[in-house]
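Quick mapping for you: the protein sequence lines, in order, are chains A and B. Take 1 as the starting number for the first sequence in my numbering and just add one per residue. Take 203 as the starting number for the second sequence in my numbering and just add one per residue.
Number of protein chains: 2
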Amino acid sequence: MNVEHDTRTRILSTARELFHGRSYADVGIKEICDLAKVQKGSFYHFFPSKQDLAMAVIDDMADDWAHGFVAEAFDQNLPPLERLDYMIDAAYYWQKAAKDIEGRMPGCLFGNLALEISTRDDVLRAKLNAVFDKASRRFHEALDQAVELGEIPPLDSEATASAMLAFLEGIILLAKTRNDPEVIRDLGSAIKTLRIELAHPN
Amino acid sequence: MNVEHDTRTRILSTARELFHGRSYADVGIKEICDLAKVQKGSFYHFFPSKQDLAMAVIDDMADDWAHGFVAEAFDQNLPPLERLDYMIDAAYYWQKAAKDIEGRMPGCLFGNLALEISTRDDVLRAKLNAVFDKASRRFHEALDQAVELGEIPPLDSEATASAMLAFLEGIILLAKTRNDPEVIRDLGSAIKTLRIELAHPN
DNA sequence: CTTCATGTTGACCGACCGGTCATCTATGAA
DNA sequence: TTCATAGATGACCGGTCGGTCAACATGAAG
Numbered sequence: 001m002n003v004e005h006d007t008r009t010r011i012l013s014t015a016r017e018l019f020h021g022r023s024y025a026d027v028g029i030k031e032i033c034d035l036a037k038v039q040k041g042s043f044y045h046f047f048p049s050k051q052d053l054a055m056a057v058i059d060d061m062a063d064d065w066a067h068g069f070v071a072e073a074f075d076q077n078l079p080p081l082e083r084l085d086y087m088i089d090a091a092y093y094w095q096k097a098a099k100d101i102e103g104r105m106p107g108c109l110f111g112n113l114a115l116e117i118s119t120r121d122d123v124l125r126a127k128l129n130a131v132f133d134k135a136s137r138r139f140h141e142a143l144d145q146a147v148e149l150g151e152i153p154p155l156d157s158e159a160t161a162s163a164m165l166a167f168l169e170g171i172i173l174l175a176k177t178r179n180d181p182e183v184i185r186d187l188g189s190a191i192k193t194l195r196i197e198l199a200h201p202n
Numbered sequence: 203m204n205v206e207h208d209t210r211t212r213i214l215s216t217a218r219e220l221f222h223g224r225s226y227a228d229v230g231i232k233e234i235c236d237l238a239k240v241q242k243g244s245f246y247h248f249f250p251s252k253q254d255l256a257m258a259v260i261d262d263m264a265d266d267w268a269h270g271f272v273a274e275a276f277d278q279n280l281p282p283l284e285r286l287d288y289m290i291d292a293a294y295y296w297q298k299a300a301k302d303i304e305g306r307m308p309g310c311l312f313g314n315l316a317l318e319i320s321t322r323d324d325v326l327r328a329k330l331n332a333v334f335d336k337a338s339r340r341f342h343e344a345l346d347q348a349v350e351l352g353e354i355p356p357l358d359s360e361a362t363a364s365a366m367l368a369f370l371e372g373i374i375l376l377a378k379t380r381n382d383p384e385v386i387r388d389l390g391s392a393i394k395t396l397r398i399e400l401a402h403p404n
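Pasting the structure below:
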């Protein structure tokens, strides 16, 4: 067992929770250490800086995400268009659960961090961008398959995929501002109506 | 002339710029004072706390916004559906101008603040929510008029309006993460395809 | 038994945080 | 001329920030 990395893991998951629930700037290293029951010197043994911690947190969350409900939602056995609904549902239930427990909607960690730090830290911005790109590719794939199966007419699937991801982030943003996860369900159904036509192949 | 309020105005516009370009937590009162050429004591003469400053900044920006290009975009003389494109265009040009000057996309001040502080400060959250509500009403009105004019079939105009606002915020978020204002134009066109049907009137 | 790497401890650093306050100045009305 | 008020000044507060460091514990390899 990775007892050797237990401390690191504890730091990581504590930081993830705190960053997600509040913000990057608002959470101090001391607070993370206290909650994770780790000494400050130990922290800096594993993470050279707060920025490095943020990088690790993003990686960690992106992994859990990709192998968790995103993998479920974009299951190849599901009809492509149903995957979109599944993704919305997953976001809804996640945020609802969080709100039921903590009383407030944390929103999407990636979206939160992106808006908070992408003007200040280009490295973190690039990393978050990569996460979004990867997510966008899932939508892209689903759309291409839907076209192949004749479920929808041909369209600019790459741009539409990005638009769908943007819409997902947007409704989570709005839901968080309203502190009401139901917004995700109420508006989320519209994701399938989004559509960007193929450019004229002049 | 309001020389009497010149100091206050300088604080306000400086804070607005800094909050918009970076974040709430990352900008200190000292920095605002230095840039606005105001003494700290003077600052606290006008604003009881940083939170009050944020409130004022949001009000200030919301005013400029409502009377500025939002008023233009949602001009009653424009065909309803064109207003949507106009709004996307306005967002695009604004962000592009900002990037050309400062090298980075600040995104939407309201969206930025909403994700950063709405889990920590319910008063500010409520204020931002009100701003979004007001913006949503413009979309709502445009949609209702489009239905009236027979330009689009009847739909749940209120929910669709919210979805459109969410989409706008979402593409700005994605564009900011990519640091590329073109994203707004490329994806923005899809806003008109968003559609939420009326609930079954069983 | 020694060596060395991995990890732990907690005191410590300078800088900065949001916020306070006594003091001073400028203005305009009585 | 007096007086009240609005505003400006900058030193000061306790606390926290991200980060450093030398000393120490542990355990496996030689």
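We put the CB at the ideal spot given by N, CA and C, even for glycine. All of these numbers come straight from a predicted model, not from anything done at the bench.
Can residue i and residue j be called in contact, C-beta distance under 7 Å?
i: residue 116 of chain A; j: residue 225 of chain B; result: yes
i: residue 345 of chain B; j: residue 363 of chain B; result: yes
i: residue 368 of chain B; j: residue 398 of chain B; result: no
i: residue 227 of chain B; j: residue 25 of chain A; result: yes
i: residue 168 of chain A; j: residue 54 of chain A; result: no
i: residue 383 of chain B; j: residue 253 of chain B; result: no
i: residue 238 of chain A; j: residue 27 of chain A; result: Here chain A comprises residues numbered 1 to 202, so residue 238 of chain A is not present and cannot be evaluated.
i: residue 74 of chain A; j: residue 90 of chain A; result: no
i: residue 334 of chain B; j: residue 366 of chain B; result: no
i: residue 35 of chain A; j: residue 9 of chain A; result: no
Our contact map puts residue i next to residue j with C-beta atoms below 8 Å; I'd like the distance itself, whole angstroms only.
i: residue 218 of chain B; j: residue 262 of chain B; result: 6 Å
i: residue 395 of chain B; j: residue 194 of chain A; result: 6 Å
i: residue 58 of chain A; j: residue 128 of chain A; result: 7 Å
i: residue 226 of chain A; j: residue 81 of chain A; result: The structure shown has nothing for residue 226 of chain A, since chain A only spans 1 to 202.
i: residue 246 of chain B; j: residue 387 of chain B; result: That belief does not hold up - the Cβ atoms of residue 246 of chain B and residue 387 of chain B are roughly 43 Å apart, past 8 Å.
i: residue 21 of chain A; j: residue 321 of chain B; result: 6 Å
i: residue 221 of chain B; j: residue 311 of chain B; result: 7 Å
i: residue 172 of chain A; j: residue 88 of chain A; result: About 10 Å; that fails the 8 Å criterion.
Please list, in chain order, the residues of the segment 140-172 of chain A that have any C-beta partner in chain B closer than 8 Å. Residues 159, 160, 162, 163, 165, 166, 167, 168, 169, 170, 171.
Secondary structure, alpha helix (DSSP H): runs of 4+ residues fully inside the segment 227-261 of chain B: Counting whole runs of 4 or more residues, the segment 227-261 of chain B contains the alpha helix (DSSP H) stretches 231-238, 242-248.
Evaluate the contact criterion for the segment 306-313 of chain B versus the segment 361-381 of chain B: three or more CB pairs, one atom per stretch, below 8 Å. Below 8 Å, enough C-beta pairs join the segment 306-313 of chain B and the segment 361-381 of chain B to call them touching: three or more.
Short-range partners of chain B found in the segment 179-199 of chain A, where Cβ spacing is below 8 Å: Answer set for the segment 179-199 of chain A: 179, 183, 186, 187, 189, 190, 193, 194, 195, 196.
To be precise: take each residue of the segment 225-245 of chain B, compare its Cβ to all Cβ atoms of chain A, and keep it if any distance is under 9 Å. Which residues remain? Across the segment 225-245 of chain B, CB contacts with chain A closer than 9 Å involve 225, 226, 227, 228, in sequence order along the chain.
If you measure beta-carbon to beta-carbon, which residues of the segment 290-317 of chain B are closer than 8 Å to chain A? Listed by position along the chain: 306, 307, 308, 309, 313, 314, 316, 317.
Which runs of the alpha helix (DSSP H) fall wholly inside the segment 64-126 of chain A and span at least 4 residues, in chain order? Listed in chain order, the complete alpha helix (DSSP H) runs (minimum 4 residues) inside the segment 64-126 of chain A are 69-73, 80-102, 109-117.
Closer than 7 Å, Cβ to Cβ, to anything on chain B: give me those residues from the segment 116-139 of chain A, in chain order. Of all residues in the segment 116-139 of chain A, those with a C-beta nearer than 7 Å to a C-beta of chain B are 116, 118, 119, 120, 125, 128, 129, 132, reading in chain order.
Let me know the alpha helix (DSSP H) ranges lying completely inside the segment 357-384 of chain B, each 4 residues or longer, listed in chain order. Every unbroken stretch of the alpha helix (DSSP H) spanning 4 or more residues and falling wholly within the segment 357-384 of chain B is given here in chain order: 359-380.
Return the residues of the segment 70-89 of chain A that lie within a Cβ-Cβ distance of less than 9 Å from chain B, sorted by chain order. Result list empty, no residue passes.
Near-chain A residues of the segment 206-224 of chain B - C-beta to any C-beta below 8 Å: Against chain A - using a Cβ distance shorter than 8 Å - the residues of the segment 206-224 of chain B are 223, 224.
Which residues, in order along the segment 51-72 of chain A, keep a beta-carbon less than 9 Å from a beta-carbon of chain B? Result list empty, no residue passes.
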